[in-house]
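Residue numbers (the numbering used here): 300 to 742.
Here the structure is laid out as structure tokens; the discussion comes afterwards.
Below, the structure written as structure tokens:
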């Protein structure tokens, strides 16, 4: 990497769209601009209205451009891990050159061989993460270029996602007049900043609490091993407050922000605050303990669901514990509540960059750090994968299967229509595959 590089990340969330502009000077990140705009056109992390999402992206980009005093053309885009499948893959080729020296072309060829694996038509390969290369039986090689050999193999992890989600994300970025520099799954990006190298190595759980959903991801041996998405997030806490106190969503959000606490036992029934109740001419006094009980009920439900899913793969046995991040994780008392539910150590990650010390920016910063720290092999993988995506995007096959008007009006219904008959069998198949894949956590 040169002395100075500039990167821009685009984090499309249910509640807000974040744009981060950063310079890397001699390997040090320097944030020079941020855009943060309320999301329109998303539901539970999924784009449901392309035009509204594009408008929100443009507003966030404009904010970042004004603050950074730059024109933004290329972005690193994060995609949610909804319905992502993780599986191992293997490629093997004969080295092509006459002198048998392995080149970048050989690396691309072994990538292509690994991607031959059958992928259902409604899914798309998001990325391949090489674990090791093997040259003539010698394993544990991270970069085989320049070595002499007859046979080149690669063991890797393949991530696939719903084609609708990936396509609509790319469509929104392109309609906003931007070029995609890279597409990265959000948990991979967030873990690159929220976890230390040791935590990614020995095994740690990341719980990213957004507005529309909460994502639990497991990192081990520096690889993403498992993800689970609970379709509840901070917005559901706000809705609970609104319904129980009979007040507007706007009032409920303000009340949560100003008076919210996750542990009722640490609040007081004597401390009260006014609430504008629908149908009442005067504000009603509500005590902090009652508010905290509303908040606790929803958070415990979210954490219990995640705990049950993590136990299916034995992830709570990993030594790194749980790291909380995301906008909804900023609620006071949430770390202690999470420890009570998960029964393992829990800590909160907040970015330490000046002006960005809020967990909602974790993924945006992570997208940049992940990109800036890509080694040469992963740069080759990225370039190859983006080339494949661009070819698929320009082909007419996808358009005939998913008409654009359907994608723009209701992509969730299109996805449901295409997969509902296969979903049960696919989930059973993936459940067995995941158990087998994760069972080697401690090997």
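By construction, the Cβ of each residue, glycine as well, lies at the ideal position given by its N, Cα and C atoms.
Alpha-carbon to alpha-carbon, residue 665 and residue 316
15 Å
So what does residue 515 bridge to, in DSSP terms?
506, 527
Taking Cβ to Cβ, would you say residue 394 is nearer than 8 Å to residue 448?
yes
In the DSSP assignment, find the beta strand (DSSP E) that holds residue 438 and state where it starts and stops.
437-440
What ranges does the alpha helix (DSSP H) occupy inside the stretch 524-602, keeping only unbroken runs of at least 4 residues that lie completely in it?
533-544, 548-558
Could you tell me how far apart the beta carbons of residue 481 and residue 385 are, in whole angstroms, since I believe they sit closer than 8 Å?
So it is not a contact: roughly 19 Å between Cβ atoms.
Identify every residue that forms a DSSP beta bridge with residue 670.
Paired residues: none, contrary to the question.
Is the CB-CB distance between residue 679 and residue 383 below 8 Å?
no
Can you tell me the Cα-Cα spacing of residue 728 and residue 458, whole angstroms?
Model confidence at residue 728 stands at a pLDDT of 43, short of 50, so the residue's coordinates are unreliable; what they give is reported in the following sentence. Cα-Cα distance, rounded: 16 Å.
Just checking, does the stretch 573-593 make contact with the stretch 539-548 on the three C-beta pairs under 8 Å criterion?
yes
Would residue 561 and residue 633 be called neighbours here (beta carbons separated by less than 8 Å)?
yes
Backbone secondary structure at residue 658 - three-state DSSP:
helix
Compute the Euclidean distance between the alpha carbons of residue 593 and residue 511, then round it to the nearest angstrom.
18 Å
State the DSSP-derived secondary structure class of residue 639, mapped to helix, strand or coil.
helix
By DSSP, does residue 343 sit in helix, in strand, or in coil?
coil
Within 8 Å, do at least three Cβ pairs link the stretch 632-646 to the stretch 596-612?
yes
Just list the beta strand (DSSP E) runs in the stretch 305-344, keeping only unbroken ones of 3 residues or longer that don't cross its boundaries, in chain order.
315-324, 327-337
To the nearest angstrom, how far is it from the Cα of residue 312 to the Cα of residue 627?
12 Å
Could you give the distance in angstroms between the alpha-carbon of residue 709 and the alpha-carbon of residue 319?
Interpretation of residue 709 is limited by its pLDDT of 39, a score under 50 that renders its predicted location unreliable; the figure taken from the coordinates is listed afterwards. Going from the Cα of residue 709 to the Cα of residue 319 covers about 29 Å.
Within 10 Å of its beta-carbon, does residue 743 have 16 or more other beta-carbons around it, so buried, or fewer, so exposed?
Nothing in the structure corresponds to residue 743, since the chain is present only between 300 and 742.
Can the beta-carbon of residue 532 be found less than 8 Å from the beta-carbon of residue 509?
yes
Distance, residue 588 Cα to residue 411 Cα:
58 Å
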